[in-house]
Amino acid sequence: MAIHEAAAALVLHQGLEHATIEAIADAAGVSPRTFFNYFPSKDDAVLGMRPPSLDPVLLDGFVIGHDLLDQVSKLLLAVARSSYADGDLVRRQELMHRHPHLGQRRKEYLVEAEELVRQAVAAILATDPGWSVGIEGFDVQETARMLVMVAAVPLRFALTSPAYGTPPGVTPQNLASSLNLFHHVHGKLS
Numbered sequence: 001m002a003i004h005e006a007a008a009a010l011v012l013h014q015g016l017e018h019a020t021i022e023a024i025a026d027a028a029g030v031s032p033r034t035f036f037n038y039f040p041s042k043d044d045a046v047l048g049m050r051p052p053s054l055d056p057v058l059l060d061g062f063v064i065g066h067d068l069l070d071q072v073s074k075l076l077l078a079v080a081r082s083s084y085a086d087g088d089l090v091r092r093q094e095l096m097h098r099h100p101h102l103g104q105r106r107k108e109y110l111v112e113a114e115e116l117v118r119q120a121v122a123a124i125l126a127t128d129p130g131w132s133v134g135i136e137g138f139d140v141q142e143t144a145r146m147l148v149m150v151a152a153v154p155l156r157f158a159l160t161s162p163a164y165g166t167p168p169g170v171t172p173q174n175l176a177s178s179l180n181l182f183h184h185v186h187g188k189l190s
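Residue 174 in the UniProt record's numbering sits at position 174 of the sequence shown, with consecutive numbering throughout.
In structure tokens, the structure reads:
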């Protein structure tokens, strides 16, 4: 956390090009070598991000049922959140606004989170006779990929909706509201 705080503060005050790894490490009170034990790059330290992980405990109680989309959305949110160190969401948004390539880095981690969830969902679907053969000529891997992509829609809606105020972010309440809206829209389309 100290490395992230130092990196974000230096970039906000001195600019990205002047916030070197050595300066960040010095401000955090660690060696440059220690810096790389926690973050693979300066951009990751500035954002306070690390590769996502899927804790197997998150899959406890995961069952294929009528709320499968909701379960996958919640799982995707938890895995995506595993990438973030605690920190100021408003400051993170400001950093990405000032340095748009940082937003691209965040997207790369979100794609990694989606892949972890896709793998887990495919493994779960593969154990269920109703899902294991896939759907309409698409195998279980492709079916899981589509399910994860669809489950990301309510998350993206909650994350980008100005109605949810500041600081930006997804809470259980706005995710539930987004999932509810998604189900209503889907019902009207079906």
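The beta carbon of each residue, even a glycine, is placed where N, CA and C say it ideally should be.
Residue nearest to residue i in terms of C-alpha spacing, selected from the options
i: residue 196; options: HIS99, VAL133, VAL117; result: Not covered by the structure: residue 196. The range shown for the chain is 1 to 190.
i: ARG50; options: SER82, LEU189, ASP128; result: SER82
i: ARG91; options: HIS184, ASN174, LEU10; result: LEU10
i: SER41; options: ASP26, ILE21, GLY29, VAL148; result: ILE21
i: GLU142; options: GLU115, ARG33, GLN71; result: GLU115
i: THR34; options: ILE135, MET1, ASP55, LEU75; result: MET1
Test item: CB-CB of residue i and residue j under 7 Å
i: ALA122; j: VAL140; result: yes
i: GLY29; j: ALA85; result: no
i: ALA6; j: ALA27; result: yes
i: PRO32; j: ALA23; result: no
i: LEU77; j: VAL170; result: yes
i: LEU68; j: ALA120; result: no
i: VAL72; j: LEU12; result: no
i: VAL117; j: LEU75; result: yes
Per-residue burial, residue i [other beta carbons within 10 Å of its own, 16 or more giving buried]
i: GLY65; result: exposed
i: VAL79; result: buried
i: PRO52; result: buried
i: VAL46; result: buried
i: HIS4; result: buried
i: LEU189; result: exposed
i: ASP44; result: buried
i: LEU89; result: exposed
Query raised in the report: Touching or not, the region 178-187 and the region 138-155, by the rule of three or more beta carbon pairs under 8 Å?
Result: yes
Query raised in the report: Three or more C-beta pairs closer than 8 Å, one from the region 125-132 and one from the region 102-112: is that the case here?
Result: no
Report task. Take every Cβ of the region 130-148, pair it with every Cβ of the region 58-72, and state whether three or more of those distances are shorter than 8 Å. Result -> With the cut-off at 8 Å, the region 130-148 and the region 58-72 touch.
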